[in-house]
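Only one structure is covered here, and it is reproduced in the block below.
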Amino acid sequence: MSIISRRYLVNRIALGLSFASAMVGLAVLAAILWTLFSNGLAAITLDLFTKMTPPPGSDGGLANAIYGSVMMTLLATVVATPIGILAGTYLSEYGRGTRLGMVAIFINDILLAAPSIIIGLFVYALLVVPFKHFSGYAGAAALALIAIPVINRTTQDMLLLVPDAMREAAAALGTPRWKIMTSVIWRSARSGMLTGVLLAVARISGETAPLLFTSLNNQYWTSDLSQPIANLPVVIFQFAMSPYEDWQRLAWGGALLITVTILILNILARTLSAGRLFQRKER
Numbered sequence: 290m291s292i293i294s295r296r297y298l299v300n301r302i303a304l305g306l307s308f309a310s311a312m313v314g315l316a317v318l319a320a321i322l323w324t325l326f327s328n329g330l331a332a333i334t335l336d337l338f339t340k341m342t343p344p345p346g347s348d349g350g351l352a353n354a355i356y357g358s359v360m361m362t363l364l365a366t367v368v369a370t371p372i373g374i375l376a377g378t379y380l381s382e383y384g385r386g387t388r389l390g391m392v393a394i395f396i397n398d399i400l401l402a403a404p405s406i407i408i409g410l411f412v413y414a415l416l417v418v419p420f421k422h423f424s425g426y427a428g429a430a431a432l433a434l435i436a437i438p439v440i441n442r443t444t445q446d447m448l449l450l451v452p453d454a455m456r457e458a459a460a461a462l463g464t465p466r467w468k469i470m471t472s473v474i475w476r477s478a479r480s481g482m483l484t485g486v487l488l489a490v491a492r493i494s495g496e497t498a499p500l501l502f503t504s505l506n507n508q509y510w511t512s513d514l515s516q517p518i519a520n521l522p523v524v525i526f527q528f529a530m531s532p533y534e535d536w537q538r539l540a541w542g543g544a545l546l547i548t549v550t551i552l553i554l555n556i557l558a559r560t561l562s563a564g565r566l567f568q569r570k571e572r
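Just so you know, we're using our numbering here: the sequence shown kicks off at 290 and counts up by one.
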């Protein structure tokens with residue numbers, strides 16, 4: 290067999306293995322989605338969004354859990370977004386190549402890969418044990434600590450994609466550095482930075498482990514984040530592990546709701562990222 294024929298054979302084998310791997314991944318995703326839709330679609334009713342979590346054998350929904358999840362996710366996003374963007378801006382524009390910047394990037398990458406249960410235990414020791422009770426604030430703090438590294442890393446990557454020529458042109462006109470940052474660099478990278486925020490929200494929306502150690506659960510409707518508060522991931526976990534069919538049905542409905550929400554957020558993030566890439570190609 291000639292060298293060219295051998296290369297063609299190796300290329301076809303590699304392409305075949307790549308295609309087979311992609312099909313396996315898609316098949317697993319399709320199986321998960323099919324299982325979720327087949328078991329959870331029947332639970333997606335008006336009661337799911339309007340009634341509170343019920344005792345066993347009673348009709349109910351997940352309204353208080355959905356409300357609690359939205360509250361903690363919003364609070365975590367509000368806290369994590371400015372911290373992540375400012376940290377990413379510093380590491381990209383001011384700390385690039387410095388020892389402090391390299392250490393900060395290394396720590397951020399460790400936090401990105403850290404299991405969420407570790408962050409939950411950290412917040413448990415920091416905010417739950419001293420105050421002797423679970424709370425929504427502790428849950429939001431744990432979610433914020435998970436979201437900050439995601440936003441930080443995405444902000445760094447997006448700002449590094451902004452051409453240096455734009456910075457130099459603005460500086461040549463006598464523009465202050467803070468003005469260059471806010472009006473030129475951030476403006477050019479805003480869609481990518483928004484993508485990072487959406488990815489962070491998608492990441493924390495389904496986190497269960499940190500909330501088990503921080504906000505726990507509450508069967509009642511409450512807006513007081515200083516107390517334990519219901520949340521969708523923990524309710525799904527508790528209902529799915531129960532022997533009651535009505536609770537299991539609600540767990541399937543909640544799992545489908547979270548999955549669809551995360552899919553929508555990821556599609557929005559990909560759309561924004563693709564739109565920014567298309568604009569760069571046009572330029």
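Here a beta-carbon is modelled for each residue, glycine too, at the ideal position from N, C-alpha and C. Every value quoted in this text rests on a predicted model; they were computed, and no experiment measured them.
One thing to note: A433 has its Cβ no nearer than 8 Å to the Cβ of T503. By the 16-neighbour rule on beta-carbons within 10 angstroms, V392 is exposed.
Contact annotation, V523 with L557: C-beta distance approximately 26 Å; criterion of less than 8 Å not satisfied. Residues L351, L521 and I525 of the same chain have their beta carbon placed closer than 6 Å to that of G543, with the five preceding and five following residues left out of the count.
In this structure, DSSP gives S307 a helical state, which the three-state scheme calls helix. Of all alpha-carbon atoms in R456, I435, R479 and D513, the one lying nearest the alpha-carbon of A369 is that of I435. In this chain, the alpha helix (DSSP H) harbouring N353 covers A352 to T378. When Q508, W536 and I493 are compared, the shortest CA-CA separation from L554 is found for I493. Rounded to the nearest whole angstrom, the C-alpha separation of I474 and V451 is 7 Å. In the displayed model, K468 falls within a helix according to three-state DSSP. Each of G346, S424 and R301 was checked against the Cα of N506, and the nearest Cα belongs to S424.
For A459, the enclosing alpha helix (DSSP H) starts and ends at D453 to A461.
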